[in-house]
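S.K.: Just so you know, the sequence shown maps onto residues 1 to 870 in full-length UniProt numbering.
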Amino acid sequence: MKNSSKNPTVKYRKDYRPSQYLIKHTDLKFQLFDSHTLVNSELKIEKNPLDKSDVLEPLVLDGLELELQQVSVDGNELSKDEYEATDNHLTINNVSEKFTLNLQVKIYPQKNKSLEGLYTSGGKFCTQCEAEGFRKITYYLDRPEIMSEFKVRIEGDKAAYPLLLSNGNPLTRGDMSDGRHFVEWHDPFPKPSYLFALVAGDLDCLTDSFTTMSGREVKLELYVDKGKLDQCRFAMDSLIESMRWDEEKFGREYDLDLYMIVAVSDFNMGAMENKGLNVFNTKYVLANKKTATDADFEGVERVIAHEYFHNWTGNRVTCRDWFQLSLKEGLTVFRDQKFSEDMQSKAVQRIDQVKIIRSSQFAEDSGPMAHSIRPDSYIEMNNFYTVTVYNKGAEVIRMMHTLLGEQGFRAGMDLYFERHDGQAVTCEDFICAMEDANQKDWALFRNWYRQAGTPEVKVQLESLGNGKFELQFAQSCPATPGQETKKPFMIPVKIGFINAQGDVAKFRLSDSDDVCGETLFVMTEENQTLTIHSDNEVLIPSLLRDFSAPVKLKFEYDQSQLATLFASDPNSFNRWDAGQSLMTKILLNNEDEISEPDLEILKNSFAQLLGDEQLDNSLKALAVILPEISSLIGRSEKINVDRLFNKHRQLKKHIGQSLEHTWFSIYNTTSGDQPSDRKLRNVALDYMMVANDEQHFELAATQQTRADNMTDELSALQTIANSTEGYKSDYINQFYQKWKDEELVMDKWFSAQVINDDESIIEHVNALLNHEKFSIENPNKVRAVITAFISGNLPQFHNATGAGYELLADTIIRLNAINPQIAAGLSKQFNQWKKLDGKRQALIKEQLERIKAVDNLSNDVYEVVEKSLN
Ligand code: 0A1
Ligand code: ZN
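1) Could you give the DSSP three-state label for K781: helix, strand or coil?
2) Give me, in chain order, the residues of the same chain whose beta-carbon lies closer than 8 Å to that of L609; leave out the 5 immediate sequence neighbours on both sides.
3) Give me the pocket residues for the ligand ZN, defined as CB within less than 5 Å of any heavy atom, sorted by chain position.
4) Do you know whose CA, among S827, G227, Y254, T26, lies nearest R216's CA?
5) Taking 7 Å as the line, does the beta carbon of Y119 fall inside it for any heavy atom of the ligand 0A1?
6) Quick one: is the Cβ of Q337 within less than 7 Å of any heavy atom of the ligand 0A1?
7) With distances taken Cα to Cα, identify the nearest neighbour of N527 among K458, P162, S345.
8) Among all the DSSP beta bridges, which residues are the ones paired with A85?
9) Output the residue ranges of the beta strand (DSSP E) runs that lie fully inside the stretch 106-134 and measure 3 residues or longer, sorted by chain position.
10) Work out the CA separation of I812 and L836 for me, nearest whole Å.
11) So, using beta-carbon positions, are Q460 and C477 closer together than 8 Å?
12) Any heavy atom of the ligand 0A1 closer than 7 Å to the CB of M269?
13) Decide if the stretch 221-238 is in contact with the stretch 86-98; the criterion is three or more beta carbon pairs, one per stretch, under 8 Å apart.
14) Quick one: grab the DSSP three-state call for I540.
15) Can you tell me where the beta strand (DSSP E) with P455 in it begins and where it stops?
16) Check this for me: beta carbons of A823 and S791, under 8 Å apart or not?
17) The alpha helix (DSSP H) with F409 in it runs from where to where?
18) Three or more C-beta pairs under 8 Å: does that hold for the stretch 491-504 against the stretch 424-443?
19) What are the start and end residues of each continuous alpha helix (DSSP H) run of 4 or more residues lying completely inside the stretch 173-256, in chain order?
20) Who are the near neighbours of L826 in its chain, counting only those whose CB is closer than 8 Å to its CB and skipping five residues on each side?
21) Does any residue of chain D bring its CB to less than 8 Å from the CB of I633?
22) Using a Cβ-Cβ cut-off of 8 Å (strictly less than) and excluding sequence neighbours within five positions of E247, which residues of its own chain qualify?
23) Mind checking whether L444 and I397 have CB atoms under 8 Å apart?
24) Please classify L50 as buried or exposed, where buried requires at least 16 neighbouring CB atoms within 10 angstroms.
25) Kindly list the residues whose CB is nearer than 7 Å to the CB of T120, restricted to its own chain and excluding five residues on each side of it in sequence; keep chain order.
26) Beta carbon of K385, beta carbon of M272: below 8 Å?
27) Does the beta-carbon of D54 have 16 or more other beta-carbons within 10 angstroms, so that it is buried, or is it exposed?
28) For the pair the stretch 256-263 and the stretch 274-293, tell me if three or more CB-CB distances fall below 8 Å.
29) Is the CB-CB distance between D257 and N383 below 8 Å?
30) Would you list the residues sitting across from L530 in a DSSP beta bridge?
31) With hydrogens ignored, establish whether the beta-carbon of M272 is closer than 7 Å to any heavy atom of the ligand 0A1.
32) Quick one: grab the DSSP three-state call for N3.
33) In three-state terms, what does DSSP make of N499?
34) N770: beta carbon under 7 Å from a heavy atom of the ligand 0A1?
35) Report the CB separation of V425 from L327 in whole angstroms; it is logged as a contact under 8 Å.
36) Just mark Y308 as buried or exposed, buried being the case when its beta carbon has 16 or more other beta carbons within 10 Å.
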């Protein structure tokens, strides 16, 4: 098909109609062979009692890339004229109110490189069905509101696949002829097809158990490739912690007797919450001190928790349709964030969460793919597993939590589970439960679900004399595709003050006698004023503490006010944020270079902060890391990137050089063995290398060679790979020789080599794409090389020659034919192009048009590219 004829269907939220049919029971039989798989299904179908129409419409099942071999209804095989099979559907015309449908289809998992449906990875079979992958396994009503009780029989060669796993509990197993065997599974909880899973292979297993709050014992099984058991303990402990935490915080108990996790190397996303049988990207399971960094450990803990928490928020209560995705994802991300805040440092976690919002979500919200957390339409659902639905969705839940407090929020959650356990529901149902449990009317709050775009809140402070002050607030939100004008949002703004000396400034609200140090002001209109009283003559406001709403807050601070907040705001998040604002202001002003006084202010602020003995080392490290270039672009409407890149380099160099002695002393005296100590030491090393890589190269080299943990080893490698030293390749090779058999470590080795801010890098990236350890079919490798380059090396991605753009387009075109989901994800990286200068815009447009003209362009890539060009 030539793509000029492309006419993909757009699905609209407003068109939702309940299905006329339900599938009460689903019996599946899988016969796994070396070249293909046969799937037999028996579906007990009946008319949906909610459907009141007298007319029975034809049954239309979804199906994709299936070879249909047999169809029978109530035991009678249908002849070819009694059904119609097209590229996407199987239609059966004459059906009754209740019947049994039997189908046999043939599929080719070994050839499936989209990693959706049933596929093979490293010699084992596995599945990925969310969002619409089950239709690549058999014909089905492949929509989340169809909840069915599943029985599954898997047959395969016993030597190659001693393990045959599916959801729920194993029922029976036995041997067959020809060295084959079978296992039968039953999942007592009705579930949508997207939660189905199957795994077959020969794997090692770590087992443990968990006794639930009601005293039931749950078997825990973690399956990994042979030889990897020494990298499993942390994931298992994280699972146990998550199970305990969900009981303590939300009263939620696990419901089956068995919880299985399988790690696979080829996986499009992080992991998948299939009922009782999670499938994980190895990146979020395998970790020990030697192979994984501190950041990797945090990732494992977070994703293990996320998938576990889905058992209640996603599986027990699921989504009615895919427009409601944030119902389960926003809520589950919020839950995993809360968990991580309890396990790690709260402020550090919050900073990391907000960095994602500011660097990726603000960008998405200001680009051609902007959508509300509950989108109105889509062409390809896979394109909507976004930072907006997930992370902004979590911010929206967090605002509910902020508005209701811990107890009110818990009451809302309890009511939500009580009302909707076992159902497929909507975001509206969730809001209603929160409202009803707390006697609230949140008509206005719903605008967060309806409207896309990042609201801007402008704040001014006016002193009226006699200790009386006025904070004036004004909110607005820019137009986004399809939404020209916006209604006001409900915006909780957490506020405190410090005085000119940097001490906490207490205050009193006009309508109260209580003196306080902090207040929550809830905006509901475009313009509002808050009057306060304070004994201090000068107040410096500390606004939107802990990022209490996903908005851009604008207050005209001068540099000295920001420096004071950076030195002494008692709110750790805002203290960090003041430093970011200070740097952002300087990096984004209209000067071509940073002035000497500005450099001096920053240097002094950093020196003072680094000397603060009260401050935790990880907060110190975070505070001295420059704002990410992506977030500086993300927050701008138009951007002169050449100027930004130059100033970013200038600032980094200056901080490195002017504080060289401080870095050296931090490096030598920070001796602890905690992640926070490593973090600060490695930031110091990086600045030293930026200051003078010739002089400090030995130090980095020694660190890489002697390290007993991956955090230090990799940090050293990264800074070495970024240096200009000729013999850095010795150390890149040394790392390679040591780790070439560890796939996940090889991903780090690739990534470390693509962030060098040097013109020759594109050639090097191309060489890495041809390296024997690289595979375009493995998403982790694509992320390790391509995503790491285009998001971690923006100066060279935006190289004025356009070579970076061409490299990305080449990769997208290659991947379009292999794995459309990953190809589309990469295509989104062009979405900021209209902010750039004319020359770069023309270069990107050329690449977008080249992609659009590709034969057999997938819907996934088409949707992103088409929206970007419009
Ligand atoms: N529900 C999973 C994420 C996920 C979504 C789609 C996938 O393939 C298209 C795979 C995983 C989660 O939130 O963890
Ligand atoms: Zn999720």
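No residue lacks a Cβ here, since even glycine has one placed at the ideal position from N, Cα and C.
Keep in mind that this is a model prediction, so the values were computed, not measured.
M.R.: In brief:
1) helix
2) F566, A567, G579, L615, K620, A623, V624
3) E329, T332
4) Y254
5) no
6) no
7) K458
8) L90
9) 117-121, 124-128
10) 21 Å
11) no
12) yes
13) no
14) strand
15) Where P455 is concerned, there is no enclosing beta strand (DSSP E), given that its DSSP letter is neither H nor E.
16) no
17) 393-420
18) no
19) 233-250
20) V782, I786, T787, I790, L808, T811, I812, L815
21) This model lacks chain D altogether; it includes just one protein chain.
22) T212, M213, E253
23) no
24) exposed
25) P109, Q110
26) The sequence given here places Tyr at residue 385; Lys does not occur at that position. Going by C-beta atoms, Y385 is not nearer than 8 Å to M272.
27) exposed
28) yes
29) no
30) L471
31) yes
32) Confidence at N3 is low in this model, with a pLDDT of 43, below 50, so the placement of that residue should be treated as unreliable; the coordinate-derived value is given next. In the structure shown, N3 sits in a helix (DSSP, three-state: H, G or I).
33) coil
34) no
35) 7 Å
36) buried
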